[in-house]
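Structure first, then comments.
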Amino acid sequence: MVLWEIKSIYIYILLKSFSIVMHKTLNFDSNCRALIIGASGGIGSSLPAAIDRLYGTNDIVEISRSTDGLDITNEESIKNVLSRLDGEFDLIFVTTGALEINGIGPEKTILQMTPENLRAHFEVNTLGPALLIKHLHKFLPKNRRGILTVLTARVGSIGDNYLGGWISYRTSKAAVNQIIRTSALEIRNKFKQSICIAMHPGTVKTKLTQKYVGKHPSVEPKQAAINILNVINELNLSDNGKFFDWAGNQVEW
Ligand SMILES: NC(=O)c1ccc[n+]([C@@H]2O[C@H](COP(=O)([O-])OP(=O)(O)OC[C@H]3O[C@@H](n4cnc5c(N)ncnc54)[C@H](OP(=O)(O)O)[C@@H]3O)[C@@H](O)[C@H]2O)c1
């Protein structure tokens with residue numbers, strides 16, 4: 013009798029663990045459609061495989077400057093490229109951005125800041141995503157869950173800034189965070205089941221970071237894409253308009 017009970021408990025634990033592994037709750041299935049803007053980038057180009065791996069879909073539209081001539085700082089260019097799309101997308105990603113523009117790297121002091129560089133960062137990292145959100149959110153599903161994820165950066169957090177430096181990049185990311193928050197509140201009024209978030213992908217080995225990553229712990233783009241998907245999969249409607257990092261922790265503004 014005792015032996016039988018021990019065997020039953022053992023079998024129960026085995027089955028339970030198996031079912032936990034097998035049934036991670038997925039919020040999308042293989043019918044979901046994804047749209048990636050900035051698909052030529054390190055992180056953007058790694059997302060399709062991660063989406064396919066988690067949800068089993070390859071209905072993924074990839075758009076980039078290199079392939080499609082999209083210039084996110086030009087509204088006509090955005091309208092033109094997006095006019096080729098139709099239907100709804102369950103998952104929309106904005107993965108564009110720049111740290112070094114026109115050969116100028118991040119500033120170490122405000123004395124290195126120039127009007128040209130600050131403007132250039134606002135063009136690519138703030139205006140670009142703002143125009144994209146303006147023209148992309150209409151593709152979110154009307155009657156089911158949809159998620160618009162915009163990659164920003166933890167260094168755009170004002171509350172979390174204890175190091176200084178990188179003033180143009182930081183400021184352009186802080187500004188885009190406000191744009192994401194503000195748009196998310198409006199998007200929710202039109203798309204009741206949609207969520208729009210700002211996401212810090214972690215330090216990732218891409219072209220953007222290659223000169224600056226140094227000894228800072230970093231991950232491969234493939235891993236970053238998996239991390240992003242895992243966070244997105246767990247989001248609730250109450251997470252709309254928030255700023256998350258790659259591990260699912262909320263980042264202060
Ligand atoms: N890597 C990191 O450690 C890290 C950390 C924090 C935040 N982030 C953020 O994550 C995002 C993606 O970074 P990443 O590391 O994947 O960068 P990346 O490999 O350098 O890719 C940047 C992407 O942005 C596109 N892009 C830049 N300017 C554009 C413009 N004017 N019009 C259209 N597309 C433009 C590039 O297009 P083309 O290549 O086609 O020209 C490329 O697809 C950025 O917003 C970045 O700030 C990255």
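Numbering (our numbering), first residue to last: 13 to 265.
From the three backbone atoms N, C-alpha and C, an ideal C-beta is built for every residue, glycine too.
This one's a predicted model, so the numbers in the text were calculated from it and none came from an experiment.
Secondary structure of residue 106 (DSSP, three-state): strand. The C-beta distance from residue 126 to residue 50 rounds to 26 Å, too long to fall under 8 Å, and the pair is not in contact. In the structure shown, residue 145 falls within a helical segment according to DSSP collapsed to helix, strand and coil.
Between residue 66 and residue 261, the CB-CB gap reaches or exceeds 9 Å. Rounded to the nearest angstrom, the gap between the Cα atoms of residue 197 and residue 211 is 16 Å. Distance from the CA atom of residue 80 to the CA atom of residue 97, rounded to whole angstroms, is 12 Å.
Contact holds between the stretch 83–91 and the stretch 138–155, because three or more Cβ pairs, one in each stretch, are under 8 Å apart. For residue 166, the shortest C-beta to heavy atom distance toward ligand 1 is below 8 Å. Note on geometry: alpha-carbon atoms of residue 264 and residue 175 lie some 16 Å from one another. Using a 10 angstroms sphere on the CB of residue 229, the tally of other CB atoms stays under 16, which defines it as exposed.
Shown here for residue 70: same chain residues with a beta carbon closer than 6 Å to its own, the five before and five after excluded, namely 64 in chain order. The C-alpha of residue 139 is placed about 16 Å away from the C-alpha of residue 77. In the three-state DSSP reduction, residue 40 falls in the coil class, being neither helix nor strand.
Scanning its chain for C-beta atoms nearer than 6 Å, with the 5 sequence neighbours on each side dropped, one finds around residue 238 the residues 62, in chain order.
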